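J.:
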Amino acid sequence: MRKLQNTLYITTQGSYLHKERETLVVERGGQKAAQLPVHAIGHIFCFGNVLVSPFLMGFCGENGVNLAFFSENGRYLGRLQGRQSGNILLRRAQYRQSENHPVPVTRNIIAAKIQASKRVLQRYIRNRDDEDGAVREAVAALNGSLRQLKQADKLDTVRGIEGDAAARYFAVFGRLVNAKSGFVFAGRNRRPPRDPVNALLSLLYSVIGKEISGALQSVGLDPQAGFLHADRPGRDSLAQDILEEFRAWQADRLALSLINRSQLKPQDFVTESSGAVSLKAEARKVLFQALQAKKQEKIVHPFLQEEVEIGLLPHIQAMLLARHLRGDLAEYPAFLMR
Numbered sequence: 001m002r003k004l005q006n007t008l009y010i011t012t013q014g015s016y017l018h019k020e021r022e023t024l025v026v027e028r029g030g031q032k033a034a035q036l037p038v039h040a041i042g043h044i045f046c047f048g049n050v051l052v053s054p055f056l057m058g059f060c061g062e063n064g065v066n067l068a069f070f071s072e073n074g075r076y077l078g079r080l081q082g083r084q085s086g087n088i089l090l091r092r093a094q095y096r097q098s099e100n101h102p103v104p105v106t107r108n109i110i111a112a113k114i115q116a117s118k119r120v121l122q123r124y125i126r127n128r129d130d131e132d133g134a135v136r137e138a139v140a141a142l143n144g145s146l147r148q149l150k151q152a153d154k155l156d157t158v159r160g161i162e163g164d165a166a167a168r169y170f171a172v173f174g175r176l177v178n179a180k181s182g183f184v185f186a187g188r189n190r191r192p193p194r195d196p197v198n199a200l201l202s203l204l205y206s207v208i209g210k211e212i213s214g215a216l217q218s219v220g221l222d223p224q225a226g227f228l229h230a231d232r233p234g235r236d237s238l239a240q241d242i243l244e245e246f247r248a249w250q251a252d253r254l255a256l257s258l259i260n261r262s263q264l265k266p267q268d269f270v271t272e273s274s275g276a277v278s279l280k281a282e283a284r285k286v287l288f289q290a291l292q293a294k295k296q297e298k299i300v301h302p303f304l305q306e307e308v309e310i311g312l313l314p315h316i317q318a319m320l321l322a323r324h325l326r327g328d329l330a331e332y333p334a335f336l337m338r
């Protein structure tokens, strides 16, 4: 089983990263701020004005370390892509199935997403009053979407069901936000996010998505050739596909926890002149610390029936998809906690 490696989030402006023997050094103002064993790091995410030495870049490319760059406000800019691993026959199988038979994989992914979304809402019903029954109605609608999904045999039909389910989910998502927190969620918006809750969700989706991209590449899959999401230059469509399994279960739940436990507050966000909202630097640190802690927690994987760290889930799902494409598994077992 793969060992969970650390994710390094660099948010302090002016930081300089370089490799010193078998360690990664973070310098600020010419002084060492941190020194870590380089082989214990699997992902490096740099936000804003962060410099990385060419030697460290070369090490990342050669050793499969996922090095990604974001704007200071969290907008994804790009990543270093090292040597492609895996067998060309696997990628050819991926291209054939994504082009000719995308529905079975897509249907399993969306079923897992809708189930996870439903369980987020059901947790709310257990813990709070649903006075007007709106959340229960949304749960019933998601159950209807799951029934429709079983009969879907065309990609556009699956996409339509997914879109309707997402609309139903986010229509009541704001009720899950504690009114005393000071946060308000009126609906999903992005590119750019225009309120703190959407800014938090977008950043989580982006960071988790880049971890999935690295995992897919590590098993020899092409992150850009998806089943659900259409091809688009510069978009990792397959990573976006797999991300659907983790949006509600990992990102949405973490966002709600940080808000409802007052670990993040409305004043931790800033609104730019364009109307875009983003997290302040200190708030990003709180978020990334919480995300890293969550990744170290262990669960029993529903398909493997083995105890694994949450941070390994992208790699496990990438491996399972590769096994399906090779013909070792009849279906792709999308991630779904029972």
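Numbering (the numbering used here), first residue to last: 1 to 338. No residue lacks a Cβ here, since even glycine has one placed at the ideal position from N, Cα and C. Predicted model only: the values in this text are computed from it and were never measured.
(1) With C-beta atoms as the reference, is SER117 less than 7 Å away from TYR76?
(2) Kindly list the residues whose CB is nearer than 6 Å to the CB of ILE367, restricted to its own chain and excluding five residues on each side of it in sequence; keep chain order.
(3) Would the beta-carbon of LEU264 fall within 7 Å of that of ALA283?
(4) At a threshold of 6 Å, does LYS295 count as lining the ligand ZN (C-beta to nearest heavy atom)?
(5) State whether the stretch 46-64 contacts the stretch 10-17, with contact taken as three or more CB pairs (one from each stretch) at a distance under 8 Å.
(6) Do you know offhand how far GLU331's Cα is from PRO266's?
(7) With DSSP collapsed to three states, give me the class of MET1.
(8) Under 6 Å Cβ to Cβ from ALA334, same chain only, skipping five residues before and after it: list those, please.
(9) Just checking my contact of ASN66 with GLY214 at CB under 8 Å: how many whole Å lie between their CB atoms?
(10) With distance defined between alpha-carbon atoms, name the residue in ALA281, SER218, PRO196, LYS154 nearest to GLY275.
(11) Identify every run of the alpha helix (DSSP H) within the stretch 172-226, keeping only runs that are complete inside it and at least 4 residues long; order them along the chain.
(12) Could you say which of PRO37, ALA93, CYS60 lies nearest to GLY220 if we only look at CA atoms?
(13) So VAL172 packs on ALA138, CB below 8 Å; how close in whole Å?
(14) If VAL177 and ILE125 are in contact, beta carbons under 8 Å, what's the gap, nearest whole angstrom?
(15) Quick check: what's the CA-CA separation for THR157 versus GLN35?
T.: Put simply:
(1) Between SER117 and TYR76, the CB-CB gap reaches or exceeds 7 Å.
(2) Because the chain is modelled from 1 through 338, residue 367 falls outside the range shown and cannot be assessed.
(3) Between LEU264 and ALA283, the CB-CB gap stays under 7 Å.
(4) In the structure on display, the ligand ZN does not appear, and there are no ligands present to speak of.
(5) When Cβ pairs closer than 8 Å are counted between the two stretches, the stretch 46-64 is seen to touch the stretch 10-17, the count reaching three or more.
(6) Whole-angstrom Cα-Cα distance: 44 Å.
(7) Bear in mind that a pLDDT of 46 at MET1, under 50, signals an unreliable position, so the number given afterwards is only what the model happens to contain. MET1 carries a coil assignment under DSSP once its states are collapsed to helix, strand and coil.
(8) Result list for ALA334: ASN108, ILE109, ALA112, GLU245, in chain order.
(9) That pair is a contact at about 3 Å.
(10) Answer by Cα proximity: PRO196.
(11) Within the stretch 172-226, the complete alpha helix (DSSP H) runs of at least 4 residues are 196-218.
(12) When only C-alpha atoms are compared, the closest one is ALA93.
(13) That pair is a contact at about 5 Å.
(14) With 8 Å as the limit, VAL177 and ILE125 do not qualify as a contact, their Cβ atoms being about 15 Å apart.
(15) Annotation: THR157 to GLN35 spans about 51 Å, alpha carbon to alpha carbon.
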